[in-house]
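Counting with the UniProt record's numbering, you get residues 1 to 290 for the letters of the sequence shown. Note that beta-carbon positions come from the ideal geometry of N, C-alpha and C, so glycine has one too.
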Amino acid sequence: MYIILGVIALLLFTLIFYMAFIEPRRLKERHYLIKKDKRKVLDISKAFDLYKEEANLVICHLSDFHFSRSFKPRRINRIIRSIMNVSPDLIVFTGDLIDDYRKWPAKETQRLIEKLKKMTAPMGKIAILGNHDYRSEGDNFVKAILTESDFTVLENEEIFGSNDDVSINIAGMDDTLMGNPQFQFERTLAQWHLLLVHEPDSVLNMEDVQHFDLVLAGHSHGGQVRFPFIFYKIRGSLTYTHGLYLLAKKTLLSISNGVGMSMLPLRFGVPPEVIYYHLNKQPTATKAKK
1 MYIILGVIAL LLFTLIFYMA FIEPRRLKER HYLIKKDKRK VLDISKAFDL
51 YKEEANLVIC HLSDFHFSRS FKPRRINRII RSIMNVSPDL IVFTGDLIDD
101 YRKWPAKETQ RLIEKLKKMT APMGKIAILG NHDYRSEGDN FVKAILTESD
151 FTVLENEEIF GSNDDVSINI AGMDDTLMGN PQFQFERTLA QWHLLLVHEP
201 DSVLNMEDVQ HFDLVLAGHS HGGQVRFPFI FYKIRGSLTY THGLYLLAKK
251 TLLSISNGVG MSMLPLRFGV PPEVIYYHLN KQPTATKAKK
């Protein structure tokens, strides 16, 4: 009997150790080739370098850092190296930079800005706020950090960008749990339309979500601790919890597992991740033969 109890205790200790110290550091780098018809999404994570000629815009998606006393800025060094290696055209962040402003160690502020500044992209960096960014009235503090780190913060706003090959319009929705969200945005003539939301269930309140090519979200952490058929759901991601969802023929919702943690400093089954979307080149129109 004592042997069995000892084995159970050892297994529990091993599981908790893995959840606290191993999985939270197992950063995953995902790459998707995105076409206009979203029914044909290709996971190219294992060979994304072979698809460079098929994409003319690469977007890096980050979410849910939840920086705190226990999750320091140095924890994103691997993400910085990943961005340097991939060299995306655009970086977007879908909220929850700080876990709780009231508990934030002020001495880490400058170091956080320095780390965020090391993330660079030729078409810029765009961010929205999440519900934790509003905690303890921390939204102005978070906006100041993001702005000083060269992010453009969108609050129910849109921004247009382009390079030599492609144009993109990016709409950013304010947080639906703590902010004042807007659920309608203008349709533009850009080739690609991107919507940033924090809570993925925000799309349930949108009548024109099919106007967007990509809707990028975070918030759920994929459940954070996810056992087979059992995982915790939170308000704002009760319907859409993790991964990819086809909202319409040409509209894809992608939910990031995020990077940090909230409530409990544990992860299982959903390691932190950075996602890259390689937007497929559009076929050029050929002149009709006479």
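{"Query": "Neighbour-count burial assignment, Met119, 16 or more Cβ in a 10 Å radius", "Result": "buried"}
{"Query": "Cross-strand partners of Lys28 (DSSP beta bridge)", "Result": "Glu273"}
{"Query": "Segment limits, alpha helix (DSSP H) that includes Ala9", "Result": "2 to 17"}
{"Query": "For Asn180, the three-state DSSP class (helix, strand or coil)", "Result": "coil"}
{"Query": "Extent of the continuous beta strand (DSSP E) to which Thr188 belongs", "Result": "Element bounds for Thr188: n/a, residue is neither H nor E."}
{"Query": "Minimum C-alpha distance to Ile80 - residue among Asp100, Ile113, Gly95", "Result": "Ile113"}
{"Query": "Counted within 10 angstroms of its Cβ, other Cβ atoms place Lys35 as buried (16 or more) or exposed", "Result": "buried"}
{"Query": "Ile3 burial status per 10 Å Cβ neighbour count (16 or more: buried)", "Result": "exposed"}
{"Query": "Straight-line Cα distance separating Arg78 from Pro24", "Result": "12 Å"}
{"Query": "N- and C-terminal bounds of the beta strand (DSSP E) containing Lys125", "Result": "125 to 127"}
{"Query": "Among Ala20, Arg226, Tyr51, nearest to Leu33 - alpha-carbon criterion", "Result": "Tyr51"}
{"Query": "Buried versus exposed call for Arg39 [16 or more other C-beta atoms within 10 Å across all chains shown]", "Result": "exposed"}
{"Query": "Three-state class that DSSP yields for Phe21 in the structure shown", "Result": "helix"}
{"Query": "Per-residue burial, Met19 [other beta carbons within 10 Å of its own, 16 or more giving buried]", "Result": "buried"}
{"Query": "Nearest-angstrom beta carbon gap, Gly130 and Asp201 [assumed within contact, 8 Å]", "Result": "Not confirmed; about 13 Å, so no contact."}
{"Query": "For Phe141, the first and last residue of its enclosing alpha helix (DSSP H)", "Result": "139 to 148"}
{"Query": "Residues sharing a beta bridge with Ala171, DSSP", "Result": "Glu158, Leu195"}
{"Query": "The ligand SAH heavy atom lying under 6 Å from the CB of Glu148", "Result": "Absent from the structure shown: the ligand SAH. Ligands present: none."}
{"Query": "Distance between Leu12 and Met1 (C-alpha atoms, nearest Å)", "Result": "17 Å"}
{"Query": "Buried versus exposed, by CB contacts within 10 Å (16 or more), Ala248", "Result": "exposed"}
{"Query": "Neighbourhood of Ser63 by C-beta, 6 Å cutoff - its chain only, sequence neighbours within 5 removed", "Result": "Thr94, Gly218, Ser256, Gly258"}
{"Query": "Ala9 versus Phe183: straight-line alpha-carbon distance, rounded", "Result": "50 Å"}
{"Query": "Candidates Pro88, Val166, Ala106: closest to Gln282 by CA position", "Result": "Val166"}
{"Query": "Cutoff 8 Å; reference Asp100; Cβ partners in own chain excluding five residues on either side", "Result": "Ser68, His132, Arg135, Ser136, Gly138"}
{"Query": "Leu252 to Leu154 span [Cα, whole Å]", "Result": "21 Å"}
{"Query": "Start-to-end residues for the alpha helix (DSSP H) that takes in Ile80", "Result": "77 to 86"}
{"Query": "6 Å CB neighbourhood of Gly269 in its chain, flanking five on each side removed", "Result": "Arg226"}
{"Query": "Status (buried if at least 16 other CB within 10 Å, exposed otherwise) for Ile168", "Result": "buried"}
{"Query": "Inter-stretch contact (C-beta, 8 Å, three-pair minimum) for the stretch 178 to 194 and the stretch 205 to 215", "Result": "yes"}
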